[in-house]
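Residue numbers (my numbering), protein chains in the order written: chain A, 276 to 822; chain B, 8 to 572.
Input: a single structure, listed below in structure tokens.
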């Protein structure tokens, strides 16, 4: 887009900028080029656009200015004042127009490439501070997990007394006499406030600071596969449940731990949980994104196929295009379905739910994507239509070949005459001409020479091999004036050639045919390139010989 | 040198850096404005950013399946909120971008809050200003001084804003400032301090001609913000107020519900982009063109008969809808503008204003002002502006009749507070406050120029005024700006003519000045100018600026002003 804006000058700047903007805003089909902002016609070059605009639209502008008279009240016209009048005089118009155009809000120089502004990263500093801290947690947590695993092992005794001894063997408890106040809240211990040990770190706390971890939650911590639902921790209920009981009312056993241990274990749990679970929305979303990226991959291959097929060309296989199209449509359908599914996922009943908002936004995203792509998905011709197109094209090509032959002969004829005329002068004009461009030919009838004749020969051979040819010849204008050419001669001439280069060319053509049958499009392209180069070289040599 | 692009590239880079998947953009009040100026919501949506949240919204839902891009100003409040957020993360991963320099200490606070290791990036992206047009930025700070010296929080925000502009454009400039303004000197000094403190950040590829930062004070030209405007963008701001590209139309008689607030963004509205600098008359004809085109399209859409028609309709529908929105928006705005112009004699008022600002015949002007003050159609604010302009222009004229005009204002029912503004504007931007020759009185060349101009007749009586900034920039570009009035900070001096220029006006700039800069950019190849101000004024916000600047704020200031009266 940048190059696009940079070109042109003065009044054209505005025109282009206008066209460019439209191209940007039109999401369905983006048009680039030197567009007339009024009728959206692509005019190829700056000067053509300017000419077109002056011819076609200047009168419209005048009409607008005239009709303005009825549209705005007197007061506003006073502002335009004399400007309006000069605008209406035809002589001074282009200059004025330029002035007006230049005032537009978009200056092309603003859209020069601009580097990303300065940035500075603190990520490393951040991570080093965090890691130092987190490492400590990780070590602690791992220690707790190892202990927890031991405590939960099937060998652990169930008998309360033996169990206590076992627990103390796994974790060394801090002796009672070393601690006179709760390590967590600072209450001093006495008759009413008794000492309790955390089963995981062995530290002492009061009953208020104790937490109780459900054993099923503990199992889940050690073994993520363990099925668990409900609350992981309980506060000791103040009611009649026995303090020492390891079994709560619902029959689940609990383990006394301190707050620090609880925090560490929960932190780990949350992190594993997040790593291992994918909510429904993410699963569907991932699927949807996959469909979108698949479609985005296929589309660039498909579009040129359709173009070429609807021209009746035979480079691409009709069935293959059909398969691709079906695939694309299926993908788009899937995107549509999946995004709908996301939108309809159950959300919290809250009317102002952000989750709902998220789901709607995803749906908008998907429908925007489809608007941009599905709408632009050109339909393939039906097989019947395609066959007709192909025949029509083949006939057209035949016609063109004939026409070009004539043109070439015409040219040859003329050249012979010219050479005769030139014999008196020094005949070095031909060597100045360089190799022709095969495939994209823009041969003017005036430029006909030995060069174009050689090209024709090669082209004919190519066509007989069933090759694609972008024949965009401009030579029709000069066709049919001279009659006297004999195609038979031409063909015999072509067969007579035993030049090794021509042989090589024939071989490559054979390869191309085979590659095409084998659907190896990449190789076809490569081989055609080779052939083009060969032809060019051959023509050049011949030219040098003849001159 | 395109500030819109600079901010936009920062935002795109943030989103890119976050990778694929569903995203939420977490912002504060200011960064929300910053982002909304450069990206349309629909545009950002196509980059998989599905939610926009404010960090100060309490009780946001937890959505671990979203990755969070946090774009925040590095304020203490934000750091605290973010640390709190990281302790109990609501989203899966966090990519944190601060809009300006953040201290090591704050980084540490955040790192210590991130026990769950959810943070992936912490970076500084210097998009710390409001990009209005490609060559225009604002900091949205009204009332930057009290008693004619910097209000400290506003000064520090201004320093941050201005340095972030430099960083986002990768410019390490030579600094020039208006010598007559203490505030300009102080800001220039502070900016230089930041540059030398963050020397590593400001190390950019050297250009042949170093960029120039020119710091000016609004007090040197108090006339420009008082004038009525006739180019589209400026006029809309003057009569309807543009606030972060939004225009409130809810007071317009008979407005439909969906047009109560409209957005005018040159980035997303082609018609606006092409017409923002056109004058009012030209817009009229362009609107008509737009309507005709629209009618043509809607006619072709009206007959949906065949399947082909239907297909064409569906294909064009999004554009069609967009266009219909644009048409109704601009027709409404222009309609309202012309209603206001007609109802309040704005053409007559504006013509008189321009005469005051540009020509000098005292007595006929006084007659015209008196006549306008007698009219019932003229708005009070316009009367006040006329008298203020008159007071500024004829401050030292021996026969000036400021007190008589103020008395006329009183008879019209203007409050004492409003009448006091006449004295305030003299204190703010009167002769004593000015460093340059605002009305071109002394300079013989200027007088002859004016005479010549008077003989030739002017192109357009409503837009003859040229802001002082125009003259200053013209001299700067030609290398003729006097060093005594606009000294360099430090020892360095520019030998060549400057190419990249950043102008900043303390006390706010105007859309008229933005247009002048736009014209420079357009006509002078090789010169690129970006204009910024503490805010973008219309006359209303400017009056507010003046009254905070003059008083120390509150009732004491008002009393003082009344006493003078």
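Built from N, CA and C at the ideal position, the CB exists for glycine as well.
For clarity, every value in this text was computed on a predicted model and none was experimentally measured.
{"Check": "Name, please, each residue of chain A whose Cβ falls closer than 9 Å to the Cβ of residue 531/B.", "Outcome": "Going along chain A, no residue has its Cβ under 9 Å from residue 531/B, so there is no contact; the nearest lies around 10 Å."}
{"Check": "As an exercise, report each continuous alpha helix (DSSP H) stretch of at least 4 residues that is fully enclosed by the segment 416 to 452 of chain B, in chain order.", "Outcome": "423 to 436"}
{"Check": "How many angstroms separate the CA atom of residue 35/B from the CA atom of residue 531/A?", "Outcome": "43 Å"}
{"Check": "Are the C-beta of residue 554/A and some C-beta of chain B separated by less than 7 Å?", "Outcome": "yes"}
{"Check": "Beta-carbon separation of residue 782/A and residue 806/A under 7 Å?", "Outcome": "no"}
{"Check": "Between the segment 394 to 410 of chain A and chain B, which residues of the former have a C-beta closer than 7 Å to a C-beta of the latter?", "Outcome": "394, 395, 396, 397, 398, 400, 401, 404, 405, 408, 409"}
{"Check": "Could one say the Cβ of residue 114/B lies closer than 7 Å to chain A's Cβ atoms, at least one of them?", "Outcome": "yes"}
{"Check": "Rounded to whole angstroms, what is the Cα-Cα separation between residue 469/B and residue 350/B?", "Outcome": "18 Å"}
{"Check": "Ignoring anything shorter than 4 residues, give me the alpha helix (DSSP H) runs that lie fully in the segment 59 to 132 of chain B, in order along the chain.", "Outcome": "83 to 94, 111 to 120"}
{"Check": "Hey, residue 449/A and residue 421/A are a contact pair by Cβ (cut 8 Å); roughly how many whole angstroms apart?", "Outcome": "In fact, because the Cβ distance is near 19 Å, the residues do not count as touching under 8 Å."}
{"Check": "In terms of DSSP beta bridges, what is residue 144/B paired with?", "Outcome": "138/B, 539/B"}
{"Check": "Could you check if residue 275/B is buried or exposed, using at least 16 other CB atoms within 10 Å of its CB as the buried criterion?", "Outcome": "buried"}
{"Check": "On the DSSP bridge list, what partners appear for residue 486/A?", "Outcome": "532/A"}
{"Check": "In terms of residues, what are the limits of the beta strand (DSSP E) holding residue 274/B?", "Outcome": "Taken as a continuous stretch (DSSP letters only), residue 274/B belongs to no beta strand (DSSP E), as it is neither H nor E."}
{"Check": "Cutting at 6 Å between CB atoms, please list the residues of its own chain near residue 1/B, excluding the five before and the five after it.", "Outcome": "Nothing about residue 1/B can be read from this structure; chain B reaches only from 8 to 572."}
{"Check": "Please report the straight-line C-alpha distance between residue 268/B and residue 139/B, rounded to a whole angstrom.", "Outcome": "18 Å"}
{"Check": "Nearest to residue 107/B by CA position, among 85/B, 100/B, 430/B, 372/B, is which residue?", "Outcome": "85/B"}
{"Check": "Per the contact definition of three or more C-beta pairs closer than 8 Å, is the segment 132 to 152 of chain B in contact with the segment 424 to 438 of chain A?", "Outcome": "no"}
{"Check": "Rounded to a whole number of angstroms, what is the C-alpha to C-alpha distance between residue 483/B and residue 512/B?", "Outcome": "15 Å"}
{"Check": "With a 10 Å radius around its C-beta and 16 neighbouring C-beta atoms as the bar for buried, classify residue 598/A as buried or exposed.", "Outcome": "exposed"}
{"Check": "Going by DSSP in three states, residue 20/B sits in which element: helix, strand or coil?", "Outcome": "helix"}
{"Check": "Against chain A, with Cβ distances strictly below 7 Å, would residue 523/B count as a contact?", "Outcome": "no"}
{"Check": "Return the chain-ordered list of same chain residues with a C-beta closer than 6 Å to the C-beta of residue 481/A, the five sequence neighbours on each side being excluded.", "Outcome": "457, 462, 468"}
{"Check": "Is there a C-beta anywhere in chain B that falls below 7 Å from the one on residue 449/A?", "Outcome": "no"}
{"Check": "Does DSSP put residue 28/B in a helix, a strand or coil?", "Outcome": "coil"}
{"Check": "So what does residue 157/B bridge to, in DSSP terms?", "Outcome": "152/B"}
{"Check": "Can you name the residues that DSSP bridges to residue 6/B?", "Outcome": "Summary: the structure shown does not reach residue 6/B, with chain B confined to residues 8 through 572, and so no result is reported for it."}
{"Check": "So residue 805/A is in the alpha helix (DSSP H); what residue range does that whole segment cover?", "Outcome": "796 to 821"}
{"Check": "Give a yes or no on whether the minimum CB-CB distance between residue 568/A and chain B is below 7 Å.", "Outcome": "no"}
{"Check": "Do residue 432/B and residue 556/B have their CB atoms nearer than 7 Å?", "Outcome": "no"}
{"Check": "Return helix, strand or coil for residue 530/B, following the three-state DSSP convention.", "Outcome": "helix"}
{"Check": "Under DSSP, the alpha helix (DSSP H) around residue 251/B begins and ends at which residues?", "Outcome": "Here residue 251/B belongs to no alpha helix (DSSP H), and DSSP marks it neither H nor E."}
{"Check": "Examine chain A for any beta-carbon lying closer than 7 Å to the beta-carbon of residue 87/B, and answer yes or no.", "Outcome": "no"}
{"Check": "Ordered along the chain, which non-local residues of its own chain (more than five positions away) have a Cβ less than 8 Å from that of residue 576/A?", "Outcome": "599"}
{"Check": "For residue 72/B, which residues in chain A fall below 7 Å Cβ to Cβ?", "Outcome": "554, 556, 557"}
{"Check": "Quick one: any contact between the segment 486 to 501 of chain B and the segment 94 to 113 of chain B, if contact means 3 or more CB pairs under 8 Å?", "Outcome": "no"}
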